[in-house]
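In full-length UniProt numbering, the protein residues as written are 1 to 660.
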């Protein structure tokens with residue numbers, strides 16, 4: 001399609017130059033890409049007229065000249081922009097292309113660990129990935145920074161790698177914000193312009209493209225009948241004369257590796273393939289299948305295995321797309337094509353394409369088991385990323401079955417996460433392991449759960465998701481672990497390393513919830529009445545000290561009876577019905593619903609019983625008890641009973657781990 005603006009001084013000459021340039025690109029040996037389907041390429045001439053700034057009479061006169069030169073079916077006058085762009089926003093028509101164009105995908109957090117890819121150029125400064133380009137080049141239609149099938153093979157070298165442009169880090173904030181703004185399209189188009197564009201597409205399709213394809217198919221068919229019919233009949237007759245029977249078609253396993261065989265562009269076999277492709281493009285799938293099937297036989301007879309595999313693949317797709325399904329889907333065609341691509345042609349990229357296509361067809365027919373087996377069969381050790389993609393798709397096949405195979409889903413998601421990790425795709429690896437964790441969690445498979453949590457912790461720490469890393473390692477330590485002592489020690493070291501990094505980042509943050517050691521709540525006791533105090537500024541050792549040395553239950557009973565006698569004496573021999581003796585030691589046997597009574601300036605002793613669930617010994621040092629006193633506000637009238645309580649928290653300021 002050759003497009004020239006009506007504002008050009010000589011539009012007809014511009015059309016001639018464009019046509020000559022296209023002819024030079026197609027027929028010269030300077031370019032190997034793009035590939036041209038047929039030598040006689042359709043050329044459709046479009047005169048684009050801007051109504052807001054152009055002269056309509058001049059555009060009409062130029063169009064009349066074009067019709068005389070190219071014919072009415074080979075050219076078109078398209079009028080657009082019937083409104084001025086600076087009109088009020090209240091008259092704005094919705095963007096007609098918003099549902100087809102993707103907004104700019106931000107490249108922030110390209111690598112979560114803070115590193116960025118640097119171009120290996122000795123003369124370049126430090127480069128960072130470009131977050132946003134101009135909207136005109138990021139809308140998905142005119143992106144000059146990404147490779148596409150129509151790009152010439154000798155394009156000038158740019159600093160784009162894998163579709164990502166690189167700029168110097170001194171990009172201004174204004175430019176960065178401007179590049180990320182989504183600009184609407186078609187602001188100068190009216191509803192009449194929309195109708196004109198639709199009519200233009202319809203005219204081009206029905207009066208230009210489809211007649212050209214139909215003419216090409218007819219020409220190819222006539223050429224095949226005239227060029228191949230006689231030679232094929234003579235060849236078949238000669239074979240029958242000398243062999244005395246029909247020549248059997250060779251199987252794939254019987255053929256030699258001749259994937260490098262090339263045909264000339266005028267070869268009858270390629271003409272059949274072109275005819276099949278044209279029929280496929282216009283959705284004439286039945287005729288396309290017939291042509292693909294014929295081409296497949298010719299390619300197999302010539303032992304052109306790469307061509308034969310492509311014909312088999314497209315024949316299977318043509319059968320699947322036929323309305324009404326006159327014949328069952330030939331899955332064996334796809335399997336043969338995959339085997340040919342992989343084993344004979346040694347082209348894993350084409351084999352992967354064929355597998356993904358066949359898997360989607362099988363899934364559309366609810367044949368999830370066959371699709372999963374097909375995907376798993378192509379996994380190998382030569383490409384971790386490809387194997388990870390195939391394993392993940394196989395896992396989704398297992399979960400989408402009529403009777404979901406949940407454990408197979410989780411198992412293959414773990415395998416996919418492992419291969420993603422080997423391929424350097426940390427985010428995808430973490431996602432796969434997290435999805436598998438939803439299946440294994442709480443099922444009693446402690447070893448598998450420990451492995452998944454350990455991997456999630458490591459991947460999260462690598463991606464700087466420190467909270468998730470701590471949570472994952474914490475689950476390993478609080479579960480009823482069945483690991484060996486050496487493995488538990490490794491888990492504990494990993495946790496302490498992550499915790500140390502987190503504590504350094506936020507030293508003034510909230511207190512952490514440490515998983516070890518366990519606190520035996522039923523054995524915790526609080527004692528009021530200890531009158532011994534440590535020296536000023538010194539700490540008192542608490543190891544192997546028990547409240548049993550300070551608190552004796554028999555003496556407590558005597559003190560309770562003595563207190564009752566004192567109260568009775570004060571009340572002239574009458575015991576108060578709501579009298580409750582003072583509790584000096586709170587434990588699991590005491591009435592803890594009562595508020596305790598503590599004397600001012602007297603210390604409170606708390607006894608905490610620890611338990612180490614691991615097989616690794618722990619040495620605790622610098623252990624401090626943190627507490628908080630919250631007095632009750634008696635000034636409020638709505639206050640009920642006086643409530644004074646002490647919250648006890650603990651923190652280990654330094655842990656020393658003793659192994660062995």
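Cβ coordinates follow ideal geometry from the N, Cα and C atoms, glycine included.
Beta carbon of residue 673 nearer than 8 Å to that of residue 338: The chain is shown only over 1 to 660; residue 673 falls outside these bounds and no answer can be derived.
Pairwise C-alpha distance: residue 195 and residue 94: Distance from the CA of residue 94 to the CA of residue 195, rounded to the nearest whole angstrom, comes to 15 Å.
Presumed contact (8 Å Cβ cut-off) between residue 334 and residue 342, rounded CB distance: About 12 Å separates the two Cβ atoms, so there is no contact after all.
Start and end residues, beta strand (DSSP E) containing residue 622: 618-630
Proximity of residue 618 and residue 612 at Cβ, strictly below 8 Å: yes
Alpha-carbon to alpha-carbon, residue 74 and residue 263: 33 Å
The region 24-34 touching the region 53-62, judged by at least three CB pairs closer than 8 Å: no
Beta-carbon gap between residue 596 and residue 528 smaller than 8 Å: yes
Classification of residue 440 by the beta-carbon crowding that lies within 10 angstroms, buried from 16 upward: buried
Contact check, residue 101 vs residue 46, beta carbons under 8 Å: no
Burial state of residue 193, where buried means 16 or more other Cβ atoms lie within 10 Å: Residue 193 is buried by the Cβ-count criterion.
Validate contact between the region 279-286 and the region 298-310 using beta carbons, cut 8 Å, 3 pairs: no
Sub-8 Å separation of residue 477 and residue 492 beta-carbons: yes
Beta-carbon proximity of residue 456 to residue 433, cut-off 8 Å: Remark: C-beta atoms of residue 456 and residue 433 approach each other more closely than 8 Å.
Sub-8 Å separation of residue 200 and residue 78 beta-carbons: yes
Helix, strand or coil at residue 49 [DSSP, three-state]: strand
Completely contained alpha helix (DSSP H) runs for the region 325-370, where each covers 4 or more residues: 331-339 and 348-364
Candidates 516, 590, 481 and 628, of which the one nearest residue 499 by Cα: The shortest Cα separation from residue 499 among 516, 590, 481 and 628 belongs to 516.
contact_flag[the region 583-590, the region 444-453] where n(CB pairs < 8 Å) is 3 or more: no
Residue 616 beta carbon less than 8 Å from that of residue 485: yes
Coil, strand or helix - residue 41 by DSSP: Note: residue 41 maps to coil in three-state DSSP.
Nearest-angstrom Cα separation, counted from residue 68 out to residue 18: When rounded, the separation of the alpha-carbon atoms in residue 18 and residue 68 is 18 Å.
Among 401, 467, 302 and 9, the one whose alpha carbon lies nearest that of residue 54: 9
Buried or exposed (CB count within 10 angstroms, at least 16 for buried), residue 569: For residue 569, the number of other beta carbons within 10 angstroms of its own is below 16, and it is reported as exposed.
C-beta atoms of residue 298 and residue 269 nearer than 8 Å: yes
Best match in 466, 222 and 21 for proximity to residue 497 [C-alpha to C-alpha]: 466
Beta-carbon gap between residue 395 and residue 416 smaller than 8 Å: Yes, the pair counts as a contact, with Cβ atoms nearer than the cut-off.
Reduced DSSP secondary structure (H/G/I, E/B, other) of residue 205: helix
Closest residue to residue 52 among 391, 411 and 188 (Cα-Cα distance): Looking only at 391, 411 and 188, the smallest Cα-Cα distance to residue 52 is reached by 188.
Residue of 29, 222 and 435 minimising C-alpha distance to residue 408: 435
Boundaries of the beta strand (DSSP E) in which residue 3 is found, first to last residue: 2-5
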